[in-house]
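The block underneath contains the structure these notes are about, expressed in structure tokens.
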Amino acid sequence: MDADAAAEIPSTATFEPVEGDGVGAHRLLAHDPSPAWQAEALRAARGLGLAAIFGAALGLREGGVAIVHHAAVVPAAIGALLGLGVPALHILLALTAAPIGALDLGGMCARAIAAMGMLLAGLSAPIALLMVTAESPASAAAAGGAGLVAAGALALRRFWVELSDAASGADARTRALTSMLAIGFSGFAVLLVGRIWWNVLALVGGAS
Amino acid sequence: VIGFDASLLGALLREPGEVSRRCVDERDLAPLAATSLGTIACGCAVFGAVVGCFRGGTQIPFAALKMPVARLAALAICGPAFHALAAVFGRPWSLRTVVALGLAAGARASLVLLALAPVLWLVIDRNGRYDAVKVCAALAYAFAGLAALWLVLRALGRGSGSTITAAGFVAVFLAVGGQTAWILRPYIGEPSDAVVPLFVSRQEGGVADALARSARAVVGVSERR
Numbered sequence: 002m003d004a005d006a007a008a009e010i011p012s013t014a015t016f017e018p019v020e021g022d023g024v025g026a027h028r029l030l031a032h033d034p035s036p037a038w039q040a041e042a043l044r045a046a047r048g049l050g051l052a053a054i055f056g057a058a059l060g061l062r063e064g065g066v067a068i069v070h071h072a073a074v075v076p077a078a079i080g081a082l083l084g085l086g087v088p089a090l091h092i093l094l095a096l097t098a099a100p101i102g103a104l105d106l107g108g109m110c111a112r113a114i115a116a117m118g119m120l121l122a123g124l125s126a127p128i129a130l131l132m133v134t135a136e137s138p139a140s141a142a143a144a145g146g147a148g149l150v151a152a153g154a155l156a157l158r159r160f161w162v163e164l165s166d167a168a169s170g171a172d173a174r175t176r177a178l179t180s181m182l183a184i185g186f187s188g189f190a191v192l193l194v195g196r197i198w199w200n201v202l203a204l205v206g207g208a209s
Numbered sequence: 052v053i054g055f056d057a058s059l060l061g062a063l064l065r066e067p068g069e070v071s072r073r074c075v076d077e078r079d080l081a082p083l084a085a086t087s088l089g090t091i092a093c094g095c096a097v098f099g100a101v102v103g104c105f106r107g108g109t110q111i112p113f114a115a116l117k118m119p120v121a122r123l124a125a126l127a128i129c130g131p132a133f134h135a136l137a138a139v140f141g142r143p144w145s146l147r148t149v150v151a152l153g154l155a156a157g158a159r160a161s162l163v164l165l166a167l168a169p170v171l172w173l174v175i176d177r178n179g180r181y182d183a184v185k186v187c188a189a190l191a192y193a194f195a196g197l198a199a200l201w202l203v204l205r206a207l208g209r210g211s212g213s214t215i216t217a218a219g220f221v222a223v224f225l226a227v228g229g230q231t232a233w234i235l236r237p238y239i240g241e242p243s244d245a246v247v248p249l250f251v252s253r254q255e256g257g258v259a260d261a262l263a264r265s266a267r268a269v270v271g272v273s274e275r276r
């Protein structure tokens, strides 16, 4: 098991996809050098669509209308956060004089949603298997909940890192205020999205 | 015609770094995939046959057939999840790369299972109890899983996100692999069953619960079978 060989394998920083379906994933998640509202909205919509696949997999436990119901609720909660939380965050960031424009913030949100959607869509097949075959409802709920929590944590982490990077050129006070706002936004996101999923998704305790 | 390339078996065991690089670079994946598929089928079938020896008779071919099916089904279901996990943590590999890596890792694990099959057979031959055989088989699977994980870690390299990506791969494969194996049980056959069914339809909790019960029984915490 030579250590040198491992070091030669391309790391995250050096990997550049050249062709194949990896390019689609790269485009969905990477920064756009010339961002535009339409492109970022499309990216977010793709992320929400991918998240709906996971929702449909969750609904397989009950079947029938529950598939459509779960497929709608999973992305709807993220949409609610976009509508209620992000404009408020933008106003507060502007108050702190953080050098982050509306399009920058929209792009960060879109990339975070795209990453979340991609992970949720990838987990759909394993979750569908567990939903259909798990003997215990608690096991099924735990698996579904774990997928949602993991994807949500990934999205928040990605958003946080990008927000911190964008504010890195500002003065110390602005950076500190931006970090505080990021913490507040994360808490709001967890409470809002968690409340919607918890109350509406039958799988995790709500009523379908 | 893409066929089985026996020379790749040595590479799978001795040069996991080279095999993982080949997957990431998408070089000559067809023979690697074909050889890996054949290795998974043969290695798991032999291990399954040995597990089925506990009851003998028709349980031997049943277990020999079900083991590779469970492994390949788990890999197929995990493929999109591995693709997504790699992409969101900074490695936007193609699905070809992810599938090739999964097959190569599965083949490496199957070769380890093949190596451990005689040990398990000896345990069964020495009148090993049901729970002891079950725990031994699970330990063999765990050891094989570590061999597979090593190959995947070489592919992930040392860049940022490699640890969390590997942890995600392991978590997803444990859940899916455990569930596919659980669906296709029994492999050993409960001693209390006069005739071992092809598939168990009664509710028995889950794979983790069953393994914990057997582990307790082996160390004498619970009642002995």
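Each protein sequence line maps, in turn, to chains P and H. Read in the working numbering, the first sequence has 198 at position 197, and its numbers run on one by one without any break. Read in the working numbering, the second sequence has 185 at position 134, and its numbers run on one by one without any break. C-beta: ideal position from N, C-alpha, C; glycine also. Remember, predicted model here, so these are calculated numbers, not experimental data.
- The alpha-carbon separation between residue 192 of chain H and residue 160 of chain H amounts to approximately 8 Å.
- The C-beta of residue 220 of chain H comes no closer than 9 Å to any C-beta of chain P.
- Residue 32 of chain P: not part of any alpha helix (DSSP H); DSSP gives it neither H nor E.
- Taking C-beta atoms under 8 Å as the contact rule, residue 155 of chain P and residue 230 of chain H fail to qualify, at a distance of about 23 Å.
- Within chain P, 124 and 127 have C-beta atoms less than 8 Å from the C-beta of residue 223 of chain H, given in sequence order.
- Within the stretch 37-88 of chain P, the runs of alpha helix (DSSP H) at least 4 residues long that lie entirely inside it are, in chain order, 38-60 and 66-85.
- Against chain H, a Cβ distance below 7 Å from residue 26 of chain P picks out 138 and 143.
- Between the stretch 187-195 of chain P and the stretch 79-90 of chain P, the count of Cβ pairs shorter than 8 Å is three or higher; the stretches touch.
- Under the three-state reduction of DSSP output, residue 69 of chain H falls in the helix class.
- In the structure shown, the three-state DSSP call for residue 93 of chain H is helix.
- Residues of chain P whose Cβ lies closer than 9 Å to the Cβ of residue 227 of chain H are, in chain order, 126, 127, 130 and 131.
- Distance from the Cα of residue 53 of chain P is smallest, within the candidate group P:200, P:39, P:147 and P:70, for P:70.
- Interface criterion met: the Cβ of residue 159 of chain P is under 9 Å from a Cβ in chain H.
- Less than 9 Å separates the beta-carbon of residue 181 of chain H from that of residue 265 of chain H.
- Annotated three-state conformation of residue 200 of chain P is helix, per DSSP.
- As the crow flies, the alpha-carbon of residue 37 of chain P is around 7 Å from that of residue 104 of chain P.
- DSSP places residue 192 of chain H within a helical segment (H, G or I) once states are collapsed to three.
- Assignment of residue 249 of chain H by DSSP, reduced to helix, strand and coil, places it in the coil class.
- Burial state of residue 252 of chain H is exposed, judged by a 10 Å Cβ sphere holding fewer than 16 other Cβ atoms.
- Within the stretch 173-237 of chain H, the complete alpha helix (DSSP H) runs of at least 4 residues fall at 181-207 and 213-234.
- Shown here for residue 101 of chain P: same chain residues with a beta carbon closer than 6 Å to its own, the five before and five after excluded, namely 94 and 167 in chain order.
- The C-alpha of residue 97 of chain P is placed about 18 Å away from the C-alpha of residue 107 of chain P.
- Judged by DSSP secondary structure, residue 104 of chain H falls outside any alpha helix (DSSP H); it is assigned neither H nor E.
- A buried status is given to residue 159 of chain P, since no fewer than 16 other beta-carbon atoms sit within 10 Å of its beta-carbon.
- C-alpha of residue 56 of chain P to C-alpha of residue 43 of chain P: approximately 20 Å in a straight line.
- With a threshold of 9 Å between beta carbons, residue 37 of chain P makes no contact with chain H.
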